[in-house]
Each structure stands twice: as C-alpha cells, then as structure tokens.
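Novice: Numbers -24 to -1, 1 to 609, taken from mature numbering (1 follows the signal peptide of the UniProt record, and there is no 0), label the letters of the sequence shown in order.
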Amino acid sequence: MARSQVRTWLLGSAVISLLSATHAFYLPGAAPHDYTEGEAVDLYVNALTPMLGGSDNAKLKSLINYDHYDSRFHFCEPEGGPHKEPESLGSILFGDRIFNSPYDIRMLEDNGTCKVLCQTEVPAEDAKFINDRIREDYALNWLVDGLPAAEMKMDTKTGDLFFDMGFNLGNDEDELAETPALNNHYEIVLRYHTYSPGVHRIVGVLVWPTSHGGSQDVTAGCSPSDGPLILQEDRTNIVRYTYRVMWNESDTPWATRWDNYLHIFDPRIHWFSLINSLVIVVFLCLMVAMILYRTVSRDISRYNAIDLSEDVQEDWGWKLVHGEVFRTPRNPLILSVLVGNGAQLCAMAGVTLVFALMGFLSPSNRGSLATVMMVCWSLFGGIGGYVSSRVYATLGGMDKRKNSFVTATVLPAFVFAIVFLLDLFLVAAGSSGAVPFGTMLLIVVLWFGISAPLSLIGSYIGSKRGGVPNPVRVNPIPRQIPPVPRYLQPWASTLLAGILPFGAAFVELYFVLSSLFASRAYYAFGFLALTAGVVSLTTATVTILFTYFLLCAEEYRWHWRAFLTGGGSAFWLLAYGIFYWVSRLSLDSFSSVVLYMGYLLLLALLDFLVTGTIGFLATYWAVRKLYSAIRVD
C-alpha cells in the first residue's frame, strides 16, 4: 500500500532523531567534500539489484543486475543523456554501473512541495517487465557524496536502527491488486553535519519511496490519496516521477558517517561461533600435541633404544613405512601445481585481510576489496611458481619447464573460462553485471603481463634452490600395503576431516554468502580474520592427525591424501551452498540458477585449493619432523 506524506514525514523525523545515539567504528578512506549553502549536490544512480524482502522468511528471487538506464525501465534521464562515471576494477567486477542523474539538489535548500522530474510512457511489454522486477524485489541504488541511499530499518533481534542500502523499485504487498505498484515518488532526506560556519558535510542519505497513482499530468499534485500507481500490461502507461528533498542536521561527524550502514546483524552469533571454533581448535591442538609428544615420543625412544647391531629389529606401526613414506606419489606435477596455486591464493587472502583490518579497504572506495584481491593475486604469482617448483623437485619431478608453464597458466585459464561462460549468460539476460570487454582485456593483461611472468621467475628461483632433502632413504622396491580401515578410505577421511574446519566457519559463511548473493553489506572483517585463522589451524591439525592414523595403518601414500583431507571442507561448503539455495533463494530463471551454481563451484574450488595446500604443507612438515627424529638402519 502507498504511504501518505504525513506518515512519511513523521516516521522520518522520529527515526532520524534516534540515530544520534548509534555508535560504531569506521576507518576512513576518502577525503571529505565540503559544501556551502546552495552548492549543487550530485546524485548518481547505480545498477538495480535484487534484494531480500522485509520478512525473515523472504527469499532472494534473482541474481541478475540491470542498468538503471535500461530502456525497459523508462527512468528519467539527464539533459544530454547519461554519462558513465569512472569505476575501479573491483567495482566493475561486482556489477557497479554508475551514471549521473537529472535530480536537482542544492545544499540546505528544501523544496517544500514535490518537484516533477519527468513524465514517461511505458509500453505494455515494458510494463510487464517492470512488474516482474517488482515481484522479484528489485531495489534502486543511488549514491550521494559516496554514500548509498538507504531505507531505515530496525534489526528485529537487537532493536537497533540501521540503514539498509537500496530501496524498493515498487510495492508488491497489496494482495488485492492483480499487479504490483510502481514507486514513482521519492522522499529524499539528506543528513548533514556543520563542520565549521558555512561549511557542511553530508553524513546520511535516506529515501522513502511511495507510489502515487491518479492523474500523471505534470501539473497535478503529489497527493497519495489517489492510490498506488498500477502499470497495466495491456496498454501504454503514463508515469510521472516526482521527488521532494529535505535536509536534516545531524551531530554525526563525517568520519563516522558509515556507522549506520555497517550494521552487523546479531553480533552475538558471530561471537558464539568464534568461541565455539576456538574451543574446537584448542581441543584439536591438545589432541595432536598429546599424540606427538606422548605416543610418538615414546615410540621414537623405543626405536632409538634398539641395538642396531643385533639381527632382530622390532619395527611396527608408522616405523615400518620409513622406507616408503617419501616415495614419489602419482602425478606429482598436478599435485605441485595445485599446491603452488593454493599458496598464491593463501598469500592473496592473507594480505587482503590485513589491508581490510587496517582500514585501507574503506566502503567509500567502492570495489576496493575486489581490486586489492586481483592486484595481490597478480603480484603473488612468484609465490605460486616458487612453491610449485620446490614441491615438484621435492617429489622427484624432472620436467621443470612443464611445471612452470602449467603453474602459470592452467588454473587461471580454467577460472577465466568459467567466468567468461557465466558472463555470456549475463549478456543473454540483458544484465548490467556482464563484465565489459575492456575489463576482460585488463584481467588478461594482469594475468599475462604480471602474474605469469612473476610465476615463471618464482619457478626459476625455486628450481635453483632444488627440492627439500628427505630425512630417510626410499626403498627401491615398494612395500605391500595392507587393507586400511573404512574411515581411512580416501573419500571417507576427506569428508570426516572436512566437518571440523567447516563447522568452525559455517556461521560466518552465511553472512559471506548473503553479502555475495543478496547484496547485503559485509564489514565484519575482524570476525572473518579470526575465523580464517581458526579454520587454518583446524585444517592443519586435522590433516596431521589423519595422516598419522594412515601411517600407523602402514598406508604410506599420504601426499594426495593430505591434500584431499585438508580440502575436505570445500565439499561441505558446496553442500551448504545448496542448502542456502533451498532455504534463502527462490531462483525462477535458468540464468540465475546457472550463475549461482557457477559462482558456488568457483568458491568451493578456491576453498579446496587454499585448505588443501594448508593441509599438505602442514602434513609434510609434521612427517619430516617425525621421521627425522628416528634412527634408521
């Protein structure tokens, strides 16, 4: 139902007065813009995005973004046509398409009555398109002085007021109406802070959209008493867009203006998950320490006490496979490439989290997170090449050139191919989220111009260093492997070991998925960094533990097992992604389904590489320590 002017003004005045009590923490990343009274304030429009509805059981209904000036929406355009604003690489990759707008806003100048923006005609076929987007809960996204326009909402669990970025294209709550109502009037409330006499700064942007039906003549008033505006899908519709600007002084300084936007939903859940994860990690570390310092130390003391001059040698357990444990595994090239690329991704994720924690990735710099990730991935190509070449040499690989080439090309080419195919679906759906050709070309330049050469340099340095010498000799004839218990079978151990790292992260994973797919702002990088550390420790300890059990069962083919066991959480991530789809998404179009599954598979693949690398390197360190401590005949 359309809201009245009186209700809008009372609601706005009440909630704005309460916001002064809100406190949070913001790390600035852009210089403030000082305005004088009467100075023009630019309003920019961004792509339309699907959003979660207002109810707790609401589901996301699409993953397709649309350009604000898509001809099917028939929004008002500025004189001379819209002009695209420059954007960062990360901003483009995440679907931002920012243009100027025809809104006339002046600092501290209220237009007490509504102002007509324009009058447009919406044909029948476009009316159906708009109504479908309203049913899918699409939101308009505006930017004023770097701040996103938002609707004010209340967290039902904590009672906190916050700004929910974006506002509804229309209203689909009237069950009596056959078609939803289009919002064609905007109450714009701009909050400002007086920095010094005559100098003002914008610290908040609120928009209350309403639907005004009745006469759509440009001379008509803006009274909502005529009911909502319903677009008829069997004829051409006349739509008049209007707006009203109101200024409200605020005590919020410019440096903390993002506090209201960076709302963490129920932080108690984050803390509960983090404490639970820490308990798991402490328990695992104590278990591994007990095994290594009690059981293993006792075994080592017993082995080293044996008189090697005697004919009888009492070997058992993991000591029996000392001559096999460093035997070259199958496909050492593939394993070393996976570990090298995983190390590159680990370095990228670690440095990105450090930058985020230090406040360099301010939300005012749109797309800065993705930009830093892309740049770090390119610059850390040398780490991937170095680790891959040294692991390959340690495993007994001989074709160093092939290893260098495959490390620098195969995984990036595979990821680029998937992204390119998903981009084709976005193009076919007419989405503004499709990556432009120029951006694709820039990614290729980063790949071939920076990452690949650095990877080759790293491979060369790693080859010069050579492999890590093994602490024990490898027998010329392979030892027969007895049957192992079922829980140590490859897939069983992978899934069992993956439960604990996934359990340490699945609560935070919900918020990350909501940020990626449901356009929810995420800025809990402190929780994310701690969770990443817990997952890393859990992955390392679980993999070492399972490898020890494997060696005690006289199964010496641990290299691939360690990588699979470490990456086991990726399979649970994939399963959770499907559960999230069922519980929080309602994707009707084939393109949205393909996009979600494609991005989910990429996310699981990257997680598999990172955690698999952590598990493999931790296990290799533990195995070397274990067999370096015993005397071998």
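Glycine residues also receive a C-beta, built at the ideal position from the N, C-alpha and C atoms.
Model, not experiment: these values are computed from the prediction.
Between Thr218 and chain B, is there a C-beta pair that is closer than 7 Å?
Specialist: The structure shown contains no chain B; it is built from a single protein chain.
Novice: To the nearest angstrom, how far is it from the Cα of His(-2) to the Cα of Asn147?
Specialist: In this prediction, His(-2) scores a pLDDT of 37, lower than 50, which makes its location untrustworthy; the coordinate-derived value is nonetheless stated afterwards. Spanning the two alpha carbons is a distance of roughly 32 Å.
Novice: Tell me which same chain residues have a C-beta within less than 6 Å of the C-beta of Ala(-4), skipping the five on either side of it?
Specialist: Residue placement at Ala(-4) is flagged as unreliable, the pLDDT there being 36, under the threshold of 50; a coordinate-derived value is accordingly withheld.
Novice: Would you call the segment 468 to 485 and the segment 530 to 550 in contact, with 3 or more CB pairs under 8 Å?
Specialist: Touching, yes.
Novice: Nearest-angstrom Cα distance between Thr385 and Leu345?
Specialist: Near 24 Å, if we compare the C-alpha coordinates of Leu345 and Thr385.
Novice: Using 7 Å as the threshold, is the C-beta distance between Val586 and Cys322 below it?
Specialist: Contact: yes.
Novice: Would you check if the distance between the CB atom of Phe139 and the CB atom of Leu116 is smaller than 7 Å?
Specialist: Their beta carbons are not under 7 Å apart, which means Phe139 does not touch Leu116 by this criterion.
Novice: On the DSSP bridge list, what partners appear for Val420?
Specialist: Looking at the DSSP assignment, Val420 forms no beta bridge with any residue, so it has no partner.
Novice: According to DSSP, is Trp536 helix, strand or coil?
Specialist: Helix at Trp536.
Novice: Determine the burial state of Phe501: buried for a count of at least 16 other Cβ atoms within 10 Å of its Cβ, exposed for fewer.
Specialist: Buried, because 16 or more other Cβ atoms sit within 10 Å of the Cβ of Phe501.
Novice: Please identify the residue among Ile310, Thr212, Pro62 and Asn213 whose C-alpha is closest to the C-alpha of Phe539.
Specialist: When only C-alpha atoms are compared, the closest one is Ile310.
Novice: Suppose contacts are defined by Cβ-Cβ distances below 7 Å. Is Pro447 in contact with Ser312 by that definition?
Specialist: Not a contact, by the Cβ cut-off of 7 Å.
Novice: Does the pairing of the segment 463 to 472 with the segment 399 to 412 give three or more beta-carbon distances under 8 Å?
Specialist: Taking 8 Å as the limit for Cβ pairs, the verdict is that the segment 399 to 412 does not touch the segment 463 to 472.
Novice: By the 10 Å Cβ neighbour count, where 16 or more other Cβ atoms means buried, how is Asp235 classified, buried or exposed?
Specialist: Asp235 should be labelled buried.
Novice: Would you call Thr595 buried or exposed, if buried means 16 or more other Cβ atoms sit within 10 Å of its Cβ?
Specialist: Thr595 is buried by the Cβ-count criterion.
Novice: Which parts of the segment 43 to 75 are runs of the alpha helix (DSSP H), unbroken and 4 residues or longer, counting only runs that do not cross its ends?
Specialist: You should have 65 to 69.
Novice: What are the start and end residues of the beta strand (DSSP E) that includes Asp140?
Specialist: Residues Leu137 to Met141.
Novice: On the premise that Thr589 lies in contact with Gly318, defined as a C-beta separation below 8 Å, what is that separation, rounded to the nearest angstrom?
Specialist: The Cβ separation is near 3 Å, so the contact holds.
Novice: Look at Met27 and Asp113 and say whether their C-beta atoms are less than 7 Å apart.
Specialist: Yes, the pair counts as a contact, with Cβ atoms nearer than the cut-off.
Novice: Taking DSSP's pairing of strands, which residues face Thr25 in a bridge?
Specialist: Partner(s): Ala115.
Novice: Exposed or buried, Pro413, counting other C-beta atoms within 10 Å across all chains shown (16 or more means buried)?
Specialist: First, the amino acid is wrong: residue 413 is Phe here, not Pro. Exposed is the call here.
Novice: Please report the straight-line C-alpha distance between Val183 and Trp534, rounded to a whole angstrom.
Specialist: Each residue's Cα considered, the two are about 59 Å apart.
Novice: Under 7 Å between the Cβ atoms of Lys91 and Tyr219?
Specialist: The answer is yes: Cβ separation under 7 Å.
Novice: Are the segment 418 to 433 and the segment 347 to 359 touching by the rule of at least three beta carbon pairs closer than 8 Å?
Specialist: With a cut-off of 8 Å, the segment 347 to 359 and the segment 418 to 433 count as touching, because enough Cβ pairs lie within range.
Novice: Contact between the segment 63 to 77 and the segment 329 to 343 is defined here as three or more beta-carbon pairs at a separation below 8 Å; is this criterion met?
Specialist: Because the criterion of three Cβ pairs below 8 Å is met, the segment 63 to 77 and the segment 329 to 343 touch.
Novice: Using C-beta distances below 7 Å, list every residue in its chain close to Gly326, excluding the 5 sequence neighbours before and after it, in chain order.
Specialist: No residues qualify anywhere along the chain.
Novice: Within this structure, are the beta carbons of Lys376 and Ser439 separated by less than 7 Å?
Specialist: Result yes, Cβ atoms of Lys376 and Ser439 sit closer than 7 Å.
Novice: Would Thr96 and His50 qualify as a contact pair, given that the criterion is a beta-carbon distance under 7 Å?
Specialist: Contact flag set, yes.
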